[in-house]
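Asker: FYI, UniProt numbering numbers position 97 of the sequence shown as 97, with every residue one higher than the one before it.
Each residue gets a CB set at the ideal place from its N, CA and C atoms; glycine is no exception.
In this text the structure is predicted, and so the values were computed from the model without any measurement.
Sharing a structure here in structure tokens format.
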Amino acid sequence: MTDAAQAFITPLTLQVLSKRPVHTNVMAEDKADSVNHIDLAKETEIFLVAPASADTIARLSQGRADDIVSAVALALPQGVKKVIAPAMNTNMYENPLTQRNIQTLLDLGFKTIEPKVALLACGDVGRGALADVPDIVQYVQGICKG
1 MTDAAQAFIT
11 PLTLQVLSKR
21 PVHTNVMAED
31 KADSVNHIDL
41 AKETEIFLVA
51 PASADTIARL
61 SQGRADDIVS
71 AVALALPQGV
81 KKVIAPAMNT
91 NMYENPLTQR
101 NIQTLLDLGF
111 KTIEPKVALL
121 ACGDVGRGAL
131 ADVPDIVQYV
141 QGICKG
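Put into structure tokens, the structure is as follows:
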């Protein structure tokens, strides 16, 4: 989880709901004989960022590795399927910089699940709301089958 994600939901809550370990720090090493973000990348079958904020999309498109999500992304083996599901304010989503960053990721082999038009957290109505969870699950299942 990025710092921003942790502002919305605690790692403990996500761990309880998912019944899986939650990683929050690129420098936290659980085992002395391993490098956490490298091990996570090696174990990854599909890399999904949902919701993908404008900041996370920018970090991924720049090849940054200063949080656990971007560090794992940079360490992914060739062939791992990568998907983002953007979610942000309409103006942020439609901003040419964000669109350029998304296009960079598409050029690098990422797939994207388009945000939907809806009432956003800021009170605006427009494109930027996270796709519905069942749609995200269906998309990921389709990638796994194909």
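What is the DSSP secondary structure of Val83, counted as helix, strand or coil?
Answerer: As a first step, residue 83 must be located in the sequence shown, where it is residue number 83. It is a strand residue.
Asker: Starting from Leu48, trace the beta strand (DSSP E) in both directions and tell me its first and last residue.
Answerer: The residue you call residue 48 lines up with position 48 of the sequence shown. Looking at the DSSP string, the run of the beta strand (DSSP E) that includes Leu48 is Ile46 to Ala52.
Asker: At what residues does the alpha helix (DSSP H) containing Arg100 begin and finish?
Answerer: Locating residue 100 in the sequence shown gives position 100, counting from the first residue. Element bounds for Arg100: Pro96 to Asp107.
Asker: Roughly how many angstroms lie between the CA atoms of Val117 and Leu12, to the nearest whole one?
Answerer: For the purposes of this step, residue 117 is taken as the residue at position 117 of the sequence shown. For the purposes of this step, residue 12 is taken as the residue at position 12 of the sequence shown. Approximately 31 Å, taken between the alpha carbons.
Asker: Rounded to whole angstroms, how far is the Cβ of Cys122 from the Cβ of Asn89, which I believe are closer than 8 Å?
Answerer: As a first step, residue 122 must be located in the sequence shown, where it is residue number 122. As a first step, residue 89 must be located in the sequence shown, where it is residue number 89. Sure, about 6 Å apart at Cβ, within 8 Å.
Asker: Which one or two residues does DSSP pair with Thr112 in a beta bridge?
Answerer: What you label residue 112 is simply residue 112 of the sequence shown in a count that begins at 1. In DSSP, Thr112 forms a bridge with Ile84.
Asker: With a threshold of 16 other CB atoms inside 10 Å of the CB of Pro134, please say whether the residue is buried or exposed.
Answerer: Position 134 of the sequence shown, counted from the start, is the residue given in the question as residue 134. The residue in question, Pro134, is exposed, as its Cβ has fewer than 16 Cβ neighbours within 10 Å.
Asker: So Leu105 packs on Ser61, CB below 8 Å; how close in whole Å?
Answerer: The residue labelled residue 105 in the question sits at position 105 within the sequence shown. The residue labelled residue 61 in the question sits at position 61 within the sequence shown. The beta carbons of Leu105 and Ser61 sit about 5 Å from each other, so the pair counts as a contact at 8 Å.
Asker: Would you mind sorting Ser67 into buried or exposed? The rule is 16 or more other CB atoms within 10 Å of its CB.
Answerer: Here the question's residue 67 lines up with position 67 in the sequence shown. The question names Ser, yet the displayed sequence has Asp at residue 67. Buried: at least 16 other Cβ atoms inside 10 Å.
Asker: Per DSSP, what are the beta-bridge partners of Val117 in this structure?
Answerer: Taking the first residue of the sequence shown as position 1, residue 117 is located at position 117. Val117 pairs with Arg127.
Asker: At the level of alpha carbons, what is the spacing between Leu14 and Val22?
Answerer: What you label residue 14 is simply residue 14 of the sequence shown in a count that begins at 1. What you label residue 22 is simply residue 22 of the sequence shown in a count that begins at 1. Their backbone Cα atoms lie some 7 Å apart in a straight line.
Asker: Return helix, strand or coil for Ala58, following the three-state DSSP convention.
Answerer: Locating residue 58 in the sequence shown gives position 58, where the first residue counts as 1. Note: Ala58 maps to helix in three-state DSSP.
Asker: For Ile113, tell me which candidate among Ala87, Asp107, Lys145 and Arg20 has the shortest Cα-Cα distance.
Answerer: Here residue 113 refers to the residue found at position 113 of the sequence shown. The option with the nearest alpha carbon to Ile113 is Ala87.
Asker: Ordered along the chain, which non-local residues of its own chain (more than five positions away) have a Cβ less than 7 Å from that of Thr24?
Answerer: The residue you call residue 24 lines up with position 24 of the sequence shown. So the list reads Met1, Gln6, Pro11 and Ile68, once near-sequence residues are dropped.
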